[in-house]
Each structure stands twice: as structure tokens, then as C-alpha cells.
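A.B. asks: Just dropping this structure here.
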Amino acid sequence: MAGGAAPGASKNAALLYFIKAFVGPGCLSLPLAFQNAGLELGLVTLLTLAVGVTLNLRTLVLCKRYYNTNDAPPTPGGRVHKTTTYADVAERALGKYGRMLVEVLVHIVQLGVCAVYFDFFGENMRALLPRKEREHIGVRLLALCIFPVYGSLALLKSVKGLAKFAALANALIFLAIGIVLFSAAAAMRQDASTSRQYAVAKPATLPLFFGTVVYSFEGVCNMLPVENALRHADDVWPILYGGMSVVVACYATVGAFCYAAWPDVQSGSITAEIASHDHASSLEAAGPVVANVCTVVAVIFTFPIQLFPSMELLEASFFFRERKRRRRHLVSTEDGVELRRPSYVKKHSDVHSADDVGNPMHAADDECAGDDELDEVKTSSPVVKRPSVTPLLETPDTSTPETPTSTNPLTKDEAKSDPEFDNLVDVELAKRREPANTEVGEPVSPRAVPEATAKRKVMTWPRVFFRLGVVLGTFLAAVAVPDLGALIALLGALTGSILSLIAPALINRKCPREKGGWECVADGMTILIGVIGGTLGTYQAFLNVVNGGDISE
1 MAGGAAPGAS
11 KNAALLYFIK
21 AFVGPGCLSL
31 PLAFQNAGLE
41 LGLVTLLTLA
51 VGVTLNLRTL
61 VLCKRYYNTN
71 DAPPTPGGRV
81 HKTTTYADVA
91 ERALGKYGRM
101 LVEVLVHIVQ
111 LGVCAVYFDF
121 FGENMRALLP
131 RKEREHIGVR
141 LLALCIFPVY
151 GSLALLKSVK
161 GLAKFAALAN
171 ALIFLAIGIV
181 LFSAAAAMRQ
191 DASTSRQYAV
201 AKPATLPLFF
211 GTVVYSFEGV
221 CNMLPVENAL
231 RHADDVWPIL
241 YGGMSVVVAC
251 YATVGAFCYA
261 AWPDVQSGSI
271 TAEIASHDHA
281 SSLEAAGPVV
291 ANVCTVVAVI
301 FTFPIQLFPS
311 MELLEASFFF
321 RERKRRRRHL
331 VSTEDGVELR
341 RPSYVKKHSD
351 VHSADDVGNP
361 MHAADDECAG
371 DDELDEVKTS
381 SPVVKRPSVT
391 PLLETPDTST
401 PETPTSTNPL
411 TKDEAKSDPE
421 FDNLVDVELA
431 KRREPANTEV
441 GEPVSPRAVP
451 EATAKRKVMT
461 WPRVFFRLGV
471 VLGTFLAAVA
481 VPDLGALIAL
491 LGALTGSILS
501 LIAPALINRK
511 CPREKGGWEC
521 VADGMTILIG
531 VIGGTLGTYQ
541 AFLNVVNGGD
551 ISE
């Protein structure tokens with residue numbers, strides 16, 4: 001396959017990533033969702049939502065392909081932007097405000113999941129304590145205990161080194177789910193003669209079920225990155241339909257099976273629920289305890305990976321906007337090297353999930369937001385690719401002029417930029433000068449420039465305080481809503497209903513591609529379900545928070 005094979009991810013790798021994006025810690029909250037809906041009504045509602053989300057994912061792929069075959073009008077600078085992300089599709093269909101809405105909601109989801117991880121840690125750790133200690137130690141105190149750990153992880157310069165830990169976290173989540181299902185089967189077998197009092201339907205609290213399930217569908221933003229990375233574009237359809245079938249089967253099994261085994265579940269994490277039960281023997285308790293520990297470790301490793309995409313984009317807005325506008329770049333041309341300004345700054349328009357680290361779906365981003373390679377730059381010579389700084393510094397060239405200059409010299413004000421980049425420019429120009437008393441044709445050994453210098457990312461005090469402030473904000477949100485189930489339902493109903501149901505259907509209505517008659521009915525039903533479910537789910541989840549987790553009265 002070498003040489004002739006098309007680049008991109010294989011179908012199996014993409015399918016695995018797709019499933020992994022949907023099956024995470026949120027899956028452990030589904031038994032509580034079924035407790036709010038009842039067994040049979042919950043299964044019917046889950047299947048209905050899954051069909052709607054699957055159709056919307058199909059819609060995003062088709063609309064993205066339509067907009068790519070019908071390019072957007074060029075910008076005033078002459079550039080044509082490709083449609084590659086959810087936010088790009090929203091902008092083409094709904095305008096700039098549609099893009100802003102999607103980006104804001106994705107940020108809220110990412111940071112909201114980080115707040116959920118505080119409560120996940122608190123509830124699971126509290127379940128491991130002796131029963132007497134649980135009465136005196138609450139979820140808020142345990143969330144405060146993990147704050148220094150989360151804060152320290154937020155100060156990492158990059159999460160690329162955590163790729164192995166991200167894979168470990170995913171494995172631990174699947175292990176925890178397996179242990180939970182095994183424990184549920186054991187519980188049902190032991191009490192087979194006992195009549196279990198689980199409800200068939202609970203319409204009054206169905207909106208809470210809606211919010212929790214839609215929260216679990218947070219992987220919708222990963223559909224287009226998966227499609228972009230595929231080696232063969234047509235493989236997206238078996239991945240979509242096959243992957244969603246596996247995801248729905250997993251949701252139904254975990255939610256319905258665990259609810260049938262433990263109808264009185266009250267915790268937003270089923271691992272915390274079963275670990276807090278009294279067990280006949282220590283051997284019987286070992287499985288739930290192991291599942292609980294797996295969940296705690298997985299949440300700790302996943303937190304920085306979930307936090308960094310949104311945090312770095314927010315950080316760029318506060319600290320790097322001026323630098324991105326004033327930055328100079330080394331550009332390779334036919335005549336040598338020019339110092340030129342970028343005609344535009346590449347914009348990260350979408351935020352991916354925690355699983356983006358170490359997966360084949362996304363190209364590696366640069367360390368610092370705004371430092372990405374720009375694709376092309378228009379010069380007087382033919383359009384050429386703009387290289388990154390490091391490879392250019394490491395390439396010796398003794399045939400270039402002594403003082404390469406641009407056809408449009410930089411003014412004094414324009415020449416201002418960050419000192420670190422100026423040093424790199426000086427090193428490059430000094431290295432390219434032909435040394436005195438050197439015979440023509442004699443090779444000149446270039447001065448080594450460490451790659452780390454070009455990629456160095458200084459952690460200044462303002463950035464430290466900013467990152468800690470972001471973590472503090474997620475902590476305060478978790479403290480304000482210590483009930484894990486209520487927080488998940490609120491986050492899902494408030495944001496997931498728009499991202500997973502309403503926005504894709506609106507995009508499909510505005511997209512001028514050819515559509516079947518059934519799509520109008522499907523989009524209308526999806527929007528109606530999203531609006532009603534999101535509104536009632538947000539209202540009930542808010543009441544749940546105010547009433548301390550009980551809205552039955």
C-alpha cells in the first residue's frame with residue numbers, strides 16, 4: 001500500500017474512534033435516566049432520540065459535502081474557505097450568528113463536562129468511604145480536594161504527552177461498564193424470585209431523561225472530523241449507521257439493565273451507586289469498588305484533555321489576539337526568504353472532544369493557539385506552501401542573498417512583534433549569511449537550532465492565573481450543583497438539545513441541496529422534540545437543583 005494508498009484513517013480506526021466519542025463517563029448516568037422515565041417509556045424515547053440524532057449526523061455530512069462542491073464566495077483578501085467543521089456548516093447555512101451559537105454551545109459543553117467531572121469524582125470517592133464517614137463528608141468537600149490536581153493538570157503546556165493516559169482512561173471506562181453489567185446480572189440472578197418494583201413509564205419526569213440522554217450524545221461534533229479523515233469518503237455511511245447502532249445498544253443495555261437490577265438508583269454515576277450498597281462479603285464488594293476506582297482514575301486523566309481545547313481558544317482570545325495580528329512569518333519564495341505578514345490567521349472553528357488526543361481523526365495542532373501553519377500565501381511569485389518556522393530554521397542554504405528583503409519593506413511599527421519570534425528571525429538571517437574568507441563551493445555547516453526553541457511556549461503569570469480561573473469557574477459550577485444527575489440533565493437539556501437536534505435540522509432546512517419530501521417532516525419533528533424536550537428538561541433540571549434533587553412534590 002505504500003506510495004499508492006490514499007492517505008487518511010482506515011474504516012476500522014474511524015469506527016472505533018466514533019464509538020469511543022459517544023461512550024464515556026456520561027454512559028454511567030443512564031440508569032438514573034431510566035429511573036426518571038420508566039423502563040419501557042425510556043427505551044422507546046431512547047430509540048426515538050437515537051433515530052433523530054442519526055438523521056442529523058447524516059444531514060451534517062450531506063450539507064458539508066454540498067457546500068464544499070459549491071464553494072463560498074472568496075473573502076476580500078481573495079481566499080476561499082473550505083467547509084470542514086460543524087461551525088463551518090452552520091456559518092454557511094445560518095450566517096455568522098449560527099456559527100457563533102454553535103461555537104459558544106460547544107464551549108459550554110466542554111467546560112460543563114469539566115464541571116461534571118468534579119461531581120463525578122466527589123460522588124465516586126464518597127461511595128468508597130465508610131458509611132459513618134459519608135454522613136460528614138459531602139460531594140463539595142471532595143470536589144475541593146481534587147481541585148489542586150485538576151488545577152495542576154491545567155497548567156501543562158500541552159496535553160499531547162497525555163495520549164497514552166487518554167487511551168488508558170478509555171479502557172478504564174469500558175472496564176467499569178463491563179463490571180457494572182456483570183454486577184447487574186449477578187444481582188438479578190440472586191433476586192430472581194423477588195418481584196422488582198420498577199416502573200414501566202414515568203411521564204412526569206420524562207424531560208429529565210431527555211436531558212441525560214442528550215448529554216450522552218455529546219459526540220455529535222466529532223462526526224465531520226471523522227468524515228474528513230477517512231481514506232475513502234463513502235466509508236462514512238457504514239461508520240455512521242453501524243457506530244450509532246453499537247452506541248444505542250450500549251446505552252440501552254447499561255441504562256435499562258442496571259435500572260431493572262437496581263430500581264431505586266439515586267446517583268448520577270451507577271458505579272458510585274453500587275459501591276455504596278451493603279454487600280454480603282468482601283469478595284462480592286470487590287467488583288463495584290474496582291469499577292468505582294476505574295471511574296475515578298479515568299475522570300482524572302480525561303479532565304485536562306476535555307479542558308484544553310476550549311481553554312486554549314479562550315486563552316488565545318485574551319492573550320494572543322494582538323500577537324496573531326502583528327506576527328511576521330518567514331516565507332520561502334523563488335528568490336530566497338522574505339519576511340511577510342500573514343494575510344489572514346487560521347481560525348480554529350470547532351472544538352473536539354477529549355478523545356482528540358492521540359487519535360487518527362485530527363492533525364496535530366501547534367502548541368500555541370494562533371501559531372498554526374498557514375496553508376498558502378499570495379506573493380508576486382506563484383502561490384507556494386507556507387512552511388512552519390522549525391523546518392525552515394533547520395534547512396541550510398548558502399546560496400541565498402546576504403540580506404533577503406521583501407519587495408514591500410516593513411515599517412518601524414510593523415516590525416514590532418514578540419521578542420521570541422524576533423530572535424528566531426535573527427538566528428535564521430545570521431545562519432544564512434555567507435561567512436567571510438570561505439572558499440566558493442566549500443560546504444558550510446549550519447548552526448544547530450533546537451526545535452524546542454521554535455515551539456517554546458512561555459507560561460507567564462497572567463496565563464497561569466487565567467487557566468486556574470477557568471478551572472475555578474468549572475469548580476464553582478460543580479459546587480453550585482453538587483447533584484451529579486441534576487447537573488448532567490441541566491447541561492444536556494440546555495445545550496445538547498440544540499447541538500444534537502435543533503441546529504442540524506435548521507441547517508438542513510436552509511441548505512439548498514436536493515432533499516426528499518420525508519426530510520421536511522423529519523426535520524420538523526426533530527425541531528419540535530428538541531424545543532419541547534430542551535425547554536421542559538431545562539425547567540425540571542433547574543427545579544431539581546433548587547429542591548435538592550427531588551421534584552416529585
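Sequential numbering from 1 applies to the sequence shown in UniProt numbering. By construction, the Cβ of each residue, glycine as well, lies at the ideal position given by its N, Cα and C atoms. In this text, all values refer to a predicted model and were calculated from it rather than measured experimentally.
Is it the case that the region 124-138 contacts the region 307-320, given that we only count it when at least three CB pairs across the two stretches are under 8 Å?
C.D. replies: The region 307-320, when compared against the region 124-138, does not touch it at the 8 Å Cβ threshold.
A.B. asks: If we call anything under 7 Å between Cβ atoms a contact, is A504 one with L60?
C.D. replies: Residue numbering aside, residue 504 sits at position 504 when the sequence shown is read from its first letter. Residue numbering aside, residue 60 sits at position 60 when the sequence shown is read from its first letter. In the sequence as presented, Ala is not what sits at residue 504; that position holds Pro. Taking 7 Å as the Cβ cut-off, P504 and L60 qualify as a contacting pair.
A.B. asks: Counting C-beta neighbours from all protein chains within 10 Å, is the total for V464 16 or more, i.e. buried, or is it exposed?
C.D. replies: As a working mapping, residue 464 is identified with position 464 in the sequence shown. Burial call: exposed.
A.B. asks: Below 7 Å between beta carbons: does that hold for P263 and A275?
C.D. replies: If you number the sequence shown from 1, residue 263 lands on position 263. If you number the sequence shown from 1, residue 275 lands on position 275. In this structure, A275 does not lie closer than 7 Å to P263 by Cβ.
A.B. asks: May I have the straight-line CA-CA distance separating K347 from K160, to the nearest angstrom?
C.D. replies: Your numbering for residue 347 matches position 347 in the sequence shown. Your numbering for residue 160 matches position 160 in the sequence shown. Annotation note: pLDDT 45 at K347 (below 50); position unreliable, coordinate value reported separately. Those two C-alpha atoms are separated by around 20 Å.
A.B. asks: If I measure Cβ to Cβ from E40 and keep anything under 8 Å in the same chain, skipping five residues before and after, which residues do I get?
C.D. replies: Against the sequence shown, residue 40 aligns to sequence position 40. So the list reads V200 and A201, once near-sequence residues are dropped.
A.B. asks: Excluding sequence positions up to five away, which residues of its chain have a Cβ less than 6 Å from the Cβ of L111?
C.D. replies: Counting from 1 along the sequence shown, the entry for residue 111 is found at position 111. Excluding residues within five positions, the ones whose Cβ falls inside 6 Å are S310 and T474.
A.B. asks: Taking the alpha helix (DSSP H) that V102 falls in, what are its first and last residues?
C.D. replies: On the sequence shown, residue 102 is found 102 positions in, with the first residue counted as 1. Residues K96 to L128.
A.B. asks: Can you find the residues in the same chain that come closer than 7 Å, C-beta to C-beta, to G151, ignoring five residues on each side of it along the sequence?
C.D. replies: Numbered from its first residue, the sequence shown carries residue 151 at position 151. Closer than 7 Å at the Cβ level, and outside the excluded window around G151, lie L468 and V471.
A.B. asks: Select from A9, A50, F34 and L15 the residue whose C-alpha is nearest the C-alpha of S497.
C.D. replies: The count along the sequence shown starts at 1 and reaches residue 497 at position 497. Out of A9, A50, F34 and L15, A50 has the C-alpha closest to the C-alpha of S497.
A.B. asks: Please classify R58 as buried or exposed, where buried requires at least 16 other C-beta atoms within 10 Å of its C-beta.
C.D. replies: Counted from its first residue, the sequence shown places residue 58 at position 58. Buried: at least 16 other Cβ atoms inside 10 Å.
A.B. asks: Considering only residues of the region 172-254, which uninterrupted beta strand (DSSP E) runs meet the minimum length of 3 residues and lie entirely inside it, listed in chain order?
C.D. replies: None, since the region 172-254 contains no complete beta strand (DSSP E) of that length.
A.B. asks: Run the CB neighbour count on T526, radius 10 Å, all protein chains shown included, and call it buried at 16 or more, exposed below.
C.D. replies: Indexing the sequence shown from 1 puts residue 526 at position 526. Flag for T526 reads buried.
A.B. asks: Have a look at T460 and V113 and give me their C-alpha separation to the nearest angstrom.
C.D. replies: The residue given as residue 460 occupies position 460 in the sequence shown. The residue given as residue 113 occupies position 113 in the sequence shown. Taking the straight line joining both Cα atoms gives about 27 Å.
A.B. asks: Go ahead and label A280 buried or exposed: buried means 16 or more other beta carbons lie within 10 angstroms of its beta carbon, across all protein chains shown.
C.D. replies: If you number the sequence shown from 1, residue 280 lands on position 280. Note that A280 scores 47 on pLDDT, short of 50, meaning its location in the model is unreliable; the coordinates nonetheless yield the value given after this. Classification of A280: exposed, given that the 10 Å Cβ count is below 16.
A.B. asks: Quick check on this structure: which residue in T48, I177, L62 and T205 has the alpha carbon closest to the alpha carbon of A489?
C.D. replies: For the purposes of this step, residue 489 is identified with residue 489 of the sequence shown, where counting begins at 1. That would be T205, whose Cα lies nearest to the Cα of A489.
A.B. asks: Using only the alpha-carbon positions, how far apart do A176 and Y86 sit?
C.D. replies: Residue 176 sits at position 176 when you count from the first residue of the sequence shown. Residue 86 sits at position 86 when you count from the first residue of the sequence shown. So the alpha carbons of these two residues sit roughly 31 Å apart.
A.B. asks: Quick one: residues in its chain with C-beta nearer than 6 Å to the C-beta of E227, no 5 flanking neighbours on either side, listed in chain order?
C.D. replies: The residue labelled residue 227 in the question sits at position 227 within the sequence shown. Closer than 6 Å at the Cβ level, and outside the excluded window around E227, lie V61 and V236.
A.B. asks: Looking at C-alpha atoms only, which residue of A522, G530 and F147 is the closest neighbour of L476?
C.D. replies: Walking along the sequence shown from the start, residue 476 turns up at place 476. Of A522, G530 and F147, the residue nearest in Cα terms is F147.
A.B. asks: Go through its chain and collect everything with a Cβ distance to C258's Cβ below 6 Å, but skip five positions before and after it.
C.D. replies: Here residue 258 corresponds to residue number 258 of the sequence shown, with the count starting at 1. Within the same chain, C258 has close Cβ partners P31, A184 and I270.
A.B. asks: Kindly confirm or deny that the region 231-248 and the region 6-24 touch, where touching means at least three C-beta pairs closer than 8 Å.
C.D. replies: Yes, the region 231-248 is in contact with the region 6-24.
A.B. asks: Determine the closest residue to L208 out of N547, V546 and A541, with distance taken between C-alpha atoms.
C.D. replies: Here residue 208 refers to the residue found at position 208 when the sequence shown is read from its first residue. The shortest C-alpha separation from L208 is found at A541.
A.B. asks: Smallest Cα separation from G98: which of K164, G534 and I507?
C.D. replies: Position 98 of the sequence shown, counted from the start, is the residue given in the question as residue 98. The shortest Cα separation from G98 among K164, G534 and I507 belongs to I507.
A.B. asks: With C-beta atoms as the reference, is L484 less than 7 Å away from G255?
C.D. replies: By 1-based counting over the sequence shown, the position of residue 484 is 484. By 1-based counting over the sequence shown, the position of residue 255 is 255. Not in contact: L484 and G255 (Cβ atoms no closer than 7 Å).
A.B. asks: Measure the CB-CB distance between L172 and V296 and report whether it falls below 7 Å.
C.D. replies: On the sequence shown, residue 172 is found 172 positions in, with the first residue counted as 1. On the sequence shown, residue 296 is found 296 positions in, with the first residue counted as 1. Cβ distance not < 7 Å, so L172 and V296 don't count as in contact.
A.B. asks: Can you name, in chain order, every residue of its own chain whose Cβ lies under 7 Å from the Cβ of C27, other than the five neighbours on each side?
C.D. replies: As a working mapping, residue 27 is identified with position 27 in the sequence shown. Hits under 7 Å: I177, S216, C250, Y251 and V254.
A.B. asks: Residue range of the alpha helix (DSSP H) that R65 falls in?
C.D. replies: If you number the sequence shown from 1, residue 65 lands on position 65. Per DSSP, R65 belongs to the alpha helix (DSSP H) from L39 to T69.
A.B. asks: According to DSSP, what are the bridge partners of A33?
C.D. replies: Looking up residue 33 in the sequence shown gives position 33. BP columns for A33 are empty, so no partner.
A.B. asks: Kindly indicate which residue of N170, L499, G38 and G533 has the alpha-carbon position closest to the one of H107.
C.D. replies: Here the question's residue 107 lines up with position 107 in the sequence shown. Taking only the C-alpha atoms, the option nearest H107 is L499.
A.B. asks: From which residue to which residue does the alpha helix (DSSP H) around E519 run?
C.D. replies: Reading the sequence shown from its first residue, position 519 is the one you call residue 519. Segment G517 to V546, the alpha helix (DSSP H) holding E519.
A.B. asks: In the DSSP assignment, the alpha helix (DSSP H) including V464 goes from what residue to what residue?
C.D. replies: Within the sequence shown, numbered from 1, the residue matching residue 464 stands at position 464. W461 to A480 is the extent of the alpha helix (DSSP H) around V464.
A.B. asks: Could you tell me which residues DSSP puts in a beta bridge with A9?
C.D. replies: Within the sequence shown, numbered from 1, the residue matching residue 9 stands at position 9. According to DSSP, A9 bridges with L230.
A.B. asks: Counting only the same chain and skipping the five closest in sequence on each side, list residues whose C-beta sits under 8 Å from that of F303.
C.D. replies: What you label residue 303 is simply residue 303 of the sequence shown in a count that begins at 1. Cβ within range, chain order: C114, Y117, Y150 and L153.
A.B. asks: Where A272 and N292 are concerned, what is the direct C-alpha to C-alpha distance, given to the nearest angstrom?
C.D. replies: Here residue 272 refers to the residue found at position 272 of the sequence shown. Here residue 292 refers to the residue found at position 292 of the sequence shown. About 6 Å.
A.B. asks: Between which residues of its own chain and K11 is the CB-CB distance below 6 Å, once the five residues before and five after are set aside?
C.D. replies: Working through the sequence shown from its first residue, we reach residue 11 at position 11. These residues qualify, in order along the chain: D235.
A.B. asks: Taking all protein chains shown into account, do 16 or more other C-beta atoms lie within 10 angstroms of the C-beta of K64, making it buried, or fewer, making it exposed?
C.D. replies: Position 64 of the sequence shown, counted from the start, is the residue given in the question as residue 64. Looking at its Cβ environment, which holds 16 or more other Cβ atoms inside 10 Å, K64 is buried.
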